[in-house]
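Residue numbers (our numbering), protein chains in the order written: chain A, 60 to 299; chain B, 656 to 874.
Glycine included, C-beta positions come from ideal geometry on N, C-alpha and C.
Notes follow once the structure below has been shown.
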């Protein structure tokens, strides 16, 4: 692949009006670097569901469904490490602490059935999630990238990431997933207050406090208020 | 919401305290957090590009400097021309008075949020407003690739001067954002504002020297 192919891709990014055309263009472009599949997604944290966070799904048929159904995201070393680093990395560079677990090895084994054997991931800022990752997959046992090829891949990944952000709608509700009241209720929960105590502090009925807490849980797609507090802190929506 | 004070060589004397606070926040961020620069004994961070050619936007909120930007005409020596010229292999180092290099942006820790209406976006809005006001065509420079999707979210277009690359363990790219009415409109829409964020006190200096600039035509 020559550099001008990369800049041509960057130029075409301006014209892509849908995620679909961006995805096929990117798949086509990275084929020259030995990658057949890719996914661009928010990185799920603490039990978050992967499926709603996916922005470009170029995984082989069947694998995505399997990955989601089996909740592989929670144990897959590549996915876990994607939340922990800001820097692009080869999947083979994921520290053994996360890639060496039995569950993570099983995910890697299963992936080979779908022609996914190695890869390269580019974490990026996301305005909706903790962060995003664009992960490229190869059927080669270990993907070999020259320093120049890495540079080319990262450049295309960054422009794909910018383009997908430009395509998503950050309309009127972009203030954040929580209302002021929901944030307030989570703040008091973080301070160890029960719903009843919070209701007295805020001058609300206990039922209303519980309702705001349930709205906050729903906003994050989590089961408990403790999880919602953790999520709100992680996203820097509250500062207990 | 911030207000962004335009500070340059002509009106700097009006901002002695704020400018000093800005240099201390820069030291917190670029020395202690990013570790890009060695510590300075006086706790202020300055570099060779803090000259009279620089214009600063100091983002103020509740009497504090919470964010900032430094703009330098690329026709003057600037970070890309002096330190990162090798990263412009596609288009060459830009050298245009109406292309500004944008550096030294930080957000104080308690104002960082991942939401799109936060302090960073407000600062971006102020920079775009200033750039349009001054008749600039592009603003940009060396940037961390990680943050580039933020430009996308603002629906801004950024043209790369070369490939992204790794330097001292971090990935950067040299890119310039197009300045136009649409770019200002989209960031204002996201913030839900229609008003100016800029404050200009004292004597103003045109950013671009040769004056066809309507702002100063009558002055």
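Residue of the options minimising C-alpha distance to residue i
{"i": "residue 219 of chain A", "options": "A:62, A:60, A:100, A:254", "result": "A:100"}
{"i": "residue 213 of chain A", "options": "A:164, A:92, A:283", "result": "A:92"}
{"i": "residue 819 of chain B", "options": "B:803, B:809, B:807", "result": "B:803"}
{"i": "residue 68 of chain A", "options": "A:253, A:221, A:280, A:285", "result": "A:221"}
{"i": "residue 332 of chain A", "options": "A:160, A:200, A:111", "result": "For chain A, the structure presents residues 60 to 299; residue 332 of chain A sits outside this window and is missing."}
{"i": "residue 606 of chain B", "options": "A:60, A:74, A:148", "result": "Residue 606 of chain B lies beyond the range of chain B shown here (656 to 874); nothing can be said about it."}
{"i": "residue 835 of chain B", "options": "B:816, B:809, B:859", "result": "B:809"}
{"i": "residue 183 of chain A", "options": "B:766, B:779, B:800", "result": "B:800"}
{"i": "residue 203 of chain A", "options": "A:178, A:227, A:211, A:249", "result": "A:178"}
{"i": "residue 851 of chain B", "options": "B:785, B:831, B:766", "result": "B:785"}
{"i": "residue 765 of chain B", "options": "B:722, B:855, B:790", "result": "B:722"}
{"i": "residue 158 of chain A", "options": "A:71, A:70, A:131", "result": "A:131"}
{"i": "residue 846 of chain B", "options": "B:771, B:788, B:831", "result": "B:771"}
{"i": "residue 827 of chain B", "options": "A:211, A:291, A:64, A:192", "result": "A:211"}
{"i": "residue 62 of chain A", "options": "A:125, A:209, A:180", "result": "A:209"}
{"i": "residue 791 of chain B", "options": "B:839, B:747, B:848, B:676", "result": "B:839"}
{"i": "residue 854 of chain B", "options": "B:741, B:762, B:781, B:848", "result": "B:781"}
{"i": "residue 112 of chain A", "options": "A:88, A:90, A:138", "result": "A:138"}
{"i": "residue 295 of chain A", "options": "B:677, B:668, B:774, B:693", "result": "B:774"}
{"i": "residue 779 of chain B", "options": "B:724, B:678, B:737", "result": "B:724"}
{"i": "residue 717 of chain B", "options": "B:748, B:658, B:815, B:691", "result": "B:658"}
{"i": "residue 788 of chain B", "options": "B:678, B:860, B:715, B:708", "result": "B:860"}
{"i": "residue 282 of chain A", "options": "A:81, A:70, A:107, A:90", "result": "A:107"}
{"i": "residue 129 of chain A", "options": "A:287, A:290, A:254, A:163", "result": "A:163"}
{"i": "residue 76 of chain A", "options": "A:66, A:133, A:298, A:227", "result": "A:227"}
{"i": "residue 298 of chain A", "options": "A:254, A:284, A:264, A:250", "result": "A:250"}
{"i": "residue 263 of chain A", "options": "A:278, A:280, A:240, A:205", "result": "A:240"}
{"i": "residue 675 of chain B", "options": "B:720, B:688, B:728", "result": "B:720"}
{"i": "residue 783 of chain B", "options": "B:832, B:750, B:656, B:728", "result": "B:832"}
{"i": "residue 708 of chain B", "options": "B:728, B:695, B:715, B:694", "result": "B:728"}
{"i": "residue 824 of chain B", "options": "B:738, B:715, B:763, B:691", "result": "B:691"}
{"i": "residue 763 of chain B", "options": "B:688, B:747, B:842, B:749", "result": "B:688"}
{"i": "residue 65 of chain A", "options": "A:255, A:259, A:207, A:278", "result": "A:207"}
{"i": "residue 238 of chain A", "options": "A:291, A:175, A:173", "result": "A:291"}
{"i": "residue 72 of chain A", "options": "B:843, B:811, B:842", "result": "B:811"}
Anticipated Cβ contact below 8 Å, residue i with residue j, distance rounded
{"i": "residue 109 of chain A", "j": "residue 127 of chain A", "result": "6 Å"}
{"i": "residue 743 of chain B", "j": "residue 863 of chain B", "result": "Their Cβ separation, rounded to whole angstroms, is 22 Å, which puts residue 743 of chain B and residue 863 of chain B out of contact at 8 Å."}
{"i": "residue 876 of chain B", "j": "residue 673 of chain B", "result": "Here chain B comprises residues numbered 656 to 874, so residue 876 of chain B is not present and cannot be evaluated."}
{"i": "residue 745 of chain B", "j": "residue 817 of chain B", "result": "5 Å"}
{"i": "residue 807 of chain B", "j": "residue 216 of chain A", "result": "Actually they are not in contact, since the Cβ atoms of residue 807 of chain B and residue 216 of chain A sit about 12 Å apart, beyond 8 Å."}
{"i": "residue 117 of chain A", "j": "residue 86 of chain A", "result": "5 Å"}
{"i": "residue 670 of chain B", "j": "residue 660 of chain B", "result": "7 Å"}
{"i": "residue 699 of chain B", "j": "residue 761 of chain B", "result": "Going by Cβ atoms, the distance from residue 699 of chain B to residue 761 of chain B rounds to 14 Å, so no, they are not a contact pair."}
{"i": "residue 710 of chain B", "j": "residue 663 of chain B", "result": "5 Å"}
{"i": "residue 97 of chain A", "j": "residue 89 of chain A", "result": "7 Å"}
{"i": "residue 288 of chain A", "j": "residue 248 of chain A", "result": "5 Å"}
{"i": "residue 141 of chain A", "j": "residue 180 of chain A", "result": "6 Å"}
- Query: Using 8 Å as the threshold, is the segment 272-289 of chain A in touch with the segment 243-255 of chain A, meaning 3 or more CB pairs across them?
  - Reply: At 8 Å Cβ cutoff, the stretches touch.
- Query: Taking contact to mean at least 3 C-beta pairs separated by less than 8 Å, is the segment 113-133 of chain A in contact with the segment 150-160 of chain A?
  - Reply: no
- For the segment 823-846 of chain B, which residues have a CB atom closer than 8 Å to at least one CB atom of chain A, in sequence order? 824, 825, 826, 828, 845
- Inspect the CB distances between the segment 195-208 of chain A and the segment 160-169 of chain A and report whether three or more fall short of 8 Å. no
- Message: Is it the case that the segment 97-115 of chain A contacts the segment 176-194 of chain A, given that we only count it when at least three CB pairs across the two stretches are under 8 Å?
- Response: yes
- Message: Which residues of the segment 185-197 of chain A have a Cβ closer than 9 Å to any Cβ of chain B? Give them in chain order.
- Response: 185, 186, 187, 188, 189, 190, 191
- Item | Within the segment 94-138 of chain A, ranges of the beta strand (DSSP E) (whole runs, at least 3 residues) | 96-101, 113-117
- Message: Would you call the segment 784-802 of chain B in contact with the segment 745-765 of chain B, where contact means no fewer than 3 C-beta pairs closer than 8 Å?
- Response: yes
- Looking at C-beta atoms only, is the number of pairs between the segment 699-706 of chain B and the segment 725-734 of chain B that lie closer than 8 Å three or more? yes
- In the segment 707-784 of chain B, which residue ranges form an unbroken beta strand (DSSP E) of at least 3 residues, counting only runs that do not cross its ends? The segment 707-784 of chain B contains these whole beta strand (DSSP E) runs: 710-716, 719-728, 754-758.
- Task: Using a Cβ-Cβ cut-off of less than 9 Å, give me the residues of the segment 793-816 of chain B that come near chain A, in sequence order.
- Result: 799, 800, 801, 802, 803, 804, 805, 806, 807, 808, 809, 810, 811, 812, 813, 814, 815
- Mind pulling the beta strand (DSSP E) runs of 3 or more residues that sit fully within the segment 673-706 of chain B? none
- Against chain A: residues of the segment 762-779 of chain B by CB proximity under 8 Å: Answer in chain order: 765, 767, 768, 769, 770, 771, 772.
- Item | In chain order, each alpha helix (DSSP H) run of at least 4 residues that lies wholly inside the segment 794-838 of chain B | 803-808
- Task: Could you name the residues of the segment 727-739 of chain B whose beta carbon sits closer than 8 Å to any beta carbon of chain A, in the order they occur along the chain?
- Result: The residues in question: there are none.
- Query: Which of the residues in the segment 236-258 of chain A, read from start to end, lie with their CB under 8 Å from any CB of chain B?
  - Reply: Hits within the stretch: zero.
- Item | Continuous alpha helix (DSSP H) assignments of at least 4 residues falling wholly in the segment 233-298 of chain A | 239-249, 254-261, 265-279, 284-293
- Using Cβ-Cβ distances below 8 Å, what residues of the segment 143-176 of chain A are close to chain B? 145, 146, 147
- Message: Please identify, using Cβ separations under 8 Å, the residues of the segment 75-104 of chain A that lie next to chain B, in order along the chain.
- Response: If the cut-off is 8 Å between Cβ atoms, the segment 75-104 of chain A has nothing near chain B.
- Residues of the segment 738-762 of chain B whose Cβ lies closer than 8 Å to any Cβ of chain A, in chain order: Taking 8 Å as the cut-off between beta carbons, the residues of the segment 738-762 of chain B near chain A are 744, 745, in sequence order.
- chain A contacts made by the segment 709-722 of chain B, where a contact means CB separation under 7 Å: none
- Message: Can you pull out the residues from the segment 667-698 of chain B whose beta carbon lies closer than 9 Å to at least one beta carbon of chain A?
- Response: none
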